[in-house]
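Protein chains in written order, with the working numbering: chain A, 1 to 148; chain B, 149 to 254.
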């Protein structure tokens with residue numbers, strides 16, 4: 001029979017162990033810049049054309065509505081090829097990558113993402129003629145994701 | 149296992165964009181959480197999703213653990229003629245799922 005004292009000891013032990021468990025490491029802005037460099041290569045990254053729509057104040061980091069839109073066609077020589085989204089301070093910086101095809105209506109996608117902490121989210125778009133465009137949003141997260 | 153909801157119009161006008169929405173039931177376990185004993189809960193996510201219309205690519209998405217549980221995507225399609233919209237997605241377990249829906253273009 002498990003006595004009450006033993007149950008309390010076990011509970012405290014578990015709590016202590018949980019409290020001492022290390023927090024997930026975070027990505028750094030430098031890591032994200034390296035990832036972006038890998039994507040961009042020798043090209044020039046310019047601000048513009050991509051619009052990253054995210055709330056500036058996030059109540060709950062578990063499901064943050066995000067829309068990425070690129071002001072470029074989805075067909076033709078200057079079409080959008082891909083859009084990458086990065087979160088600088090999530091444990092893993094990659095968020096999502098989209099590629100558009102000829103049947104796409106427009107270069108815009110909405111989804112929901114997780115954000116671990118207040119940080120900067122970056123979107124990078126590449127077009128078929130080699131142009132690279134980016135946008136950034138700096139936001140505050142009240143309740144972090146990934147920590148339940 | 150994964151149940152999916154698709155919001156796709158049945159009829160659309162030729163040459164007009166229409167919006168589709170996908171919601172797939174999936175925990176999207178990030179691989180960052182710990183269980184009661186302190187062990188990491190392994191990553192288990194849907195990592196790829198693609199949408200084609202009559203075989204032409206609409207969207208291909210590579211999803212990472214930062215996509216919320218029960219992944220939701222909404223995007224636009226341009227249809228010139230009636231046909232089938234097909235969604236396909238793959239997860240970390242090696243599972244491959246797909247769904248097709250008819251669309252009438254008038």
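The beta carbon of each residue, even a glycine, is placed where N, CA and C say it ideally should be.
What do you reckon, are the CB atoms on residue i and residue j nearer than 8 Å?
i: residue 162 (chain B); j: residue 247 (chain B); result: no
i: residue 109 (chain A); j: residue 221 (chain B); result: yes
i: residue 121 (chain A); j: residue 99 (chain A); result: no
i: residue 64 (chain A); j: residue 132 (chain A); result: no
i: residue 210 (chain B); j: residue 112 (chain A); result: no
i: residue 45 (chain A); j: residue 123 (chain A); result: no
i: residue 95 (chain A); j: residue 89 (chain A); result: no
i: residue 226 (chain B); j: residue 105 (chain A); result: yes
i: residue 178 (chain B); j: residue 238 (chain B); result: no
i: residue 34 (chain A); j: residue 201 (chain B); result: no
i: residue 173 (chain B); j: residue 151 (chain B); result: yes
i: residue 47 (chain A); j: residue 134 (chain A); result: yes
List the residues that DSSP assigns as beta-bridge partners of residue i.
i: residue 134 (chain A); result: A:47, A:124
i: residue 68 (chain A); result: A:52, A:109
i: residue 231 (chain B); result: B:251
i: residue 104 (chain A); result: B:225
i: residue 192 (chain B); result: B:177
i: residue 86 (chain A); result: A:94, A:122
Between residue i and residue j, what straight-line distance do the alpha-carbon atoms span, to the nearest angstrom?
i: residue 21 (chain A); j: residue 182 (chain B); result: Residue confidence for residue 21 (chain A) is low, a pLDDT of 49 falling below 50, so the modelled location carries little weight; the figure read from the coordinates is stated next. For residue 21 (chain A) and residue 182 (chain B), the distance between alpha carbons rounds to 9 Å.
i: residue 81 (chain A); j: residue 184 (chain B); result: 43 Å
i: residue 85 (chain A); j: residue 138 (chain A); result: 13 Å
i: residue 242 (chain B); j: residue 219 (chain B); result: 17 Å
i: residue 42 (chain A); j: residue 208 (chain B); result: 25 Å
i: residue 156 (chain B); j: residue 224 (chain B); result: 10 Å
i: residue 38 (chain A); j: residue 212 (chain B); result: 18 Å
i: residue 204 (chain B); j: residue 171 (chain B); result: 21 Å
i: residue 153 (chain B); j: residue 199 (chain B); result: 14 Å
i: residue 252 (chain B); j: residue 58 (chain A); result: 40 Å
i: residue 175 (chain B); j: residue 245 (chain B); result: 16 Å
i: residue 17 (chain A); j: residue 31 (chain A); result: Only weak support is given to the placement of residue 17 (chain A): the predicted model assigns it a pLDDT of 45, under 50, and the question is left unresolved by the model.
i: residue 75 (chain A); j: residue 93 (chain A); result: 29 Å
i: residue 69 (chain A); j: residue 169 (chain B); result: 16 Å
i: residue 160 (chain B); j: residue 107 (chain A); result: 19 Å
So, for residue i: in the same chain, excluding its five sequence neighbours on each side, which residues have a beta-carbon less than 7 Å away from its beta-carbon?
i: residue 61 (chain A); result: 114, 115, 116, 141, 143, 144, 145
i: residue 250 (chain B); result: 232
i: residue 29 (chain A); result: 88
i: residue 229 (chain B); result: 253
Spatial neighbours of residue i within its chain, please: C-beta separation below 8 Å, excluding the five flanking residues on both sides.
i: residue 77 (chain A); result: 128, 129
i: residue 97 (chain A); result: 82, 83, 84, 85
i: residue 158 (chain B); result: 250, 251, 252
Among residues of its own chain, excluding the 5 on either side of residue i, which ones have a beta-carbon nearer than 6 Å to its beta-carbon?
i: residue 56 (chain A); result: 139
i: residue 71 (chain A); result: 49
i: residue 261 (chain B); result: Since the first residue of chain B shown is 149 and the last is 254, residue 261 (chain B) is not available in this structure.
i: residue 126 (chain A); result: 81, 82, 132
i: residue 189 (chain B); result: 177, 181, 183
i: residue 67 (chain A); result: 53, 110
i: residue 236 (chain B); result: 198, 246
If residue i sits next to residue j, beta carbons under 8 Å apart, how far is it from one beta carbon to the other, in whole angstroms?
i: residue 26 (chain A); j: residue 91 (chain A); result: 6 Å
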